[in-house]
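Everything in the sequence shown is counted per the working numbering, starting at 3 for the first residue and increasing by one.
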Amino acid sequence: GACPARPACDAPPPPALPRGFRHTRSRDVASGWPRHRGRDLFVRADGPQWAIAKFAYGPQDDDLEDEDVEAYLLRGCSGAWERLGAFRTSDDDHLHPTTEGIPDTGGRVYLDLTAGRRLEVGRHRVHLAVVGDGTSADLFIEVLPPDARVAVTDIDGTLTSSEVAVVGELLGGGPPDAHPGAAAAMHALAGSGVHLFYVTARPEWLVGNTRVWLREQGFPPGILHTTIGVTGAFGGAAARYKTVELGWLKARTGIVPLFGFGNMPSDVATYTAAGIPPSRCFYYKLDADLRGGVGHDDYRRLVPALFTPPACAP
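This is the structure:
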């Protein structure tokens, strides 16, 4: 039968009781709305395992520097939360070396989970709460088994109803719809044991909004990556970003995705360069050279034809 669904990992986090900031300036920074974000990661059981997050506020993305953050782990997405400790956000005078491809731009924490906290194969959640005001960020880590298979999908225009849907949402419109059948296609993959890698060139501070959208539209849990900048990437820059992401996945885990989903010529270029089999690259309403990929205009027709789940491997 189908593989068990990956856990939603939605247990309520430990209550955060604001205890005030260390610095007066931090109160001014925190007067803006929180734009905190955690970095999801695919890792191996015997490789590096990091929990990385950034804490910032307001339209200028002002960093919360030299302040304490409490970190908690929901190991295996079940059981009780484990307290990992208190960690201090970085400032310009105390920057962390670039780790997992994430340069320290201030306001970040880097937690090495291999120091007595190593994670086993499965899905895990880290919750980080600012001691000063109780605002928080979350991230998810999937420790892949040796035989793991991964599918990568773009989001805007590929899963959403519009390539620029997020812009309309930010300007006060409602969240975009998903293409009919898109969530079912991803569930069919997840049901056959494939791990999902959602990759979008949106800015980093939209990771929380994007995660909520995926959940509310019924997409299965996975690992979500945005760019690490505050403006996102477009065109050639978006293609380069996605190429780096897939290169990093291969370098860290040895995995080349088995499936790819996109809707732009940049997706074709990225997936071709990454070595994803063309016959398993699916492009939504893309009138371009697909380099052997499969064009389609309805996810509902993909599901029964391509993703009937085999028996799940033990």
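We treat Cβ as the ideally placed atom computed from N, Cα and C, and that holds for glycine.
Exercise. Return helix, strand or coil for Val270, following the three-state DSSP convention.
Key: The residue given as residue 270 occupies position 268 in the sequence shown. Of the three classes helix, strand and coil, the one that applies to Val270 here is helix, per DSSP.
Quiz item: Touching or not, the region 156-164 and the region 134-148, by the rule of three or more beta carbon pairs under 8 Å?
Solution: Not touching, per the Cβ criterion.
Exercise. With distances taken Cα to Cα, identify the nearest neighbour of Arg303 among Glu72, Val111, Gly183.
Key: Here residue 303 is taken as the residue at index 301 of the sequence shown, counted from 1. Comparing Cα positions, the closest option is Gly183.
Quiz prompt | Val209 (DSSP reduced to helix, strand or coil) | solution = Translated into positions along the sequence shown, residue 209 becomes position 207. Helix.
Quiz item: Quick one: Cα of Cys283 to Cα of Val305, how far?
Solution: Here residue 283 is taken as the residue at index 281 of the sequence shown, counted from 1. Here residue 305 is taken as the residue at index 303 of the sequence shown, counted from 1. So the alpha carbons of these two residues sit roughly 14 Å apart.
Quiz item: Going straight from the alpha carbon of Glu67 to that of Arg293, what length do you get?
Solution: Here residue 67 is taken as the residue at index 65 of the sequence shown, counted from 1. Here residue 293 is taken as the residue at index 291 of the sequence shown, counted from 1. Taking the Cα positions, Glu67 is about 47 Å away from Arg293.
Quiz prompt | Coil, strand or helix - Ser92 by DSSP | solution = Position 90 of the sequence shown, counted from the first residue, corresponds to residue 92. In the structure shown, Ser92 sits in coil (DSSP, three-state: anything other than H, G, I, E or B).
Exercise. Starting from the N-terminal side, write out each stretch of the beta strand (DSSP E) that is 3 residues or longer and does not extend beyond the region 4-51.
Key: Counting whole runs of 3 or more residues, the region 4-51 contains the beta strand (DSSP E) stretches 39-41, 43-46.
Quiz prompt | Per-residue burial, Phe268 [other beta carbons within 10 Å of its own, 16 or more giving buried] | solution = Taking the first residue of the sequence shown as 1, we reach residue 268 at position 266. Checking the sequence, you will find Ser at residue 268 rather than Phe. When all chains shown are included, Ser268 counts as buried.
Quiz item: Does the beta-carbon of Leu288 have 16 or more other beta-carbons within 10 angstroms, so that it is buried, or is it exposed?
Solution: Position 286 of the sequence shown holds residue 288. The residue is buried, with at least 16 neighbouring Cβ atoms inside 10 Å.
Self-check item: Residues bridged to Ile54 [DSSP beta-bridge criterion]
Solution: As a position in the sequence shown, residue 54 is number 52, starting the count at 1. DSSP lists Arg41, Tyr112 as the bridge partner or partners of Ile54.
Quiz prompt | For Leu248 and Tyr273, the rounded distance between their alpha carbons | solution = The sequence position of residue 273 within the sequence shown is 271, counting from 1. The sequence position of residue 248 within the sequence shown is 246, counting from 1. Put simply, the backbone Cα of Tyr273 is about 9 Å away from that of Leu248.
Quiz item: Under the three-state reduction of DSSP, which class applies to Leu97: helix, strand or coil?
Solution: The sequence position of residue 97 within the sequence shown is 95, counting from 1. DSSP places Leu97 in coil when its eight states are reduced to three.
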